[in-house]
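The opening residue of the sequence shown carries number 1216 in the numbering used here; numbering runs sequentially from there.
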Amino acid sequence: MKKLKNEKEWVKKAITLGMAYGEKRGVVEFEPTDSAALKLEYIYRLLVHDKVIQPLPEDQVSQQSIQHKLAIWASKQP
């Protein structure tokens, strides 16, 4: 797994885009007290469910791999 340049910034953008995506669909309402890890996992599961991104093999799902996958997704958004 090769790191993206500025991956931390892409992860932050992925959280912002993912929260907007989930709230626009009307399936989630994030609370200010929700942790970044919780948000990332929910966004990942939602995008996989909607077939927006390819799922990771279940034995490879970790916080780090979810962050990387969502950073790649965010980097490809307009």
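Just so you know, even glycine gets a beta-carbon here, dropped at the ideal spot from N, CA and C.
Starting from Ile1268 and walking both ways along the alpha helix (DSSP H), at which residues does that stretch end? To locate residue 1268, count along the sequence shown from 1; it is residue 53. Unbroken run through Ile1268: none, as it is neither H nor E.
Any idea if Lys1266 is buried or exposed, counting beta-carbon neighbours within 10 angstroms, 16 or more meaning buried? Numbered from its first residue, the sequence shown carries residue 1266 at position 51. Exposed, since its Cβ has fewer than 16 Cβ neighbours within 10 Å.
Between the CA atoms of Lys1227 and Ala1286 - distance to the nearest angstrom: For this step, residue 1286 is matched to residue 71 along the sequence shown. For this step, residue 1227 is matched to residue 12 along the sequence shown. Going by the C-alpha atoms only, they are around 8 angstroms apart.
Three-state secondary structure (DSSP) of Thr1248: Within the sequence shown, the letter at position 33 stands for residue 1248. If DSSP states are grouped into helix, strand and coil, Thr1248 belongs with coil.
First and last residue of the alpha helix (DSSP H) that includes Gln1279? To locate residue 1279, count along the sequence shown from 1; it is residue 64. Per DSSP, Gln1279 belongs to the alpha helix (DSSP H) from 1278-1290.
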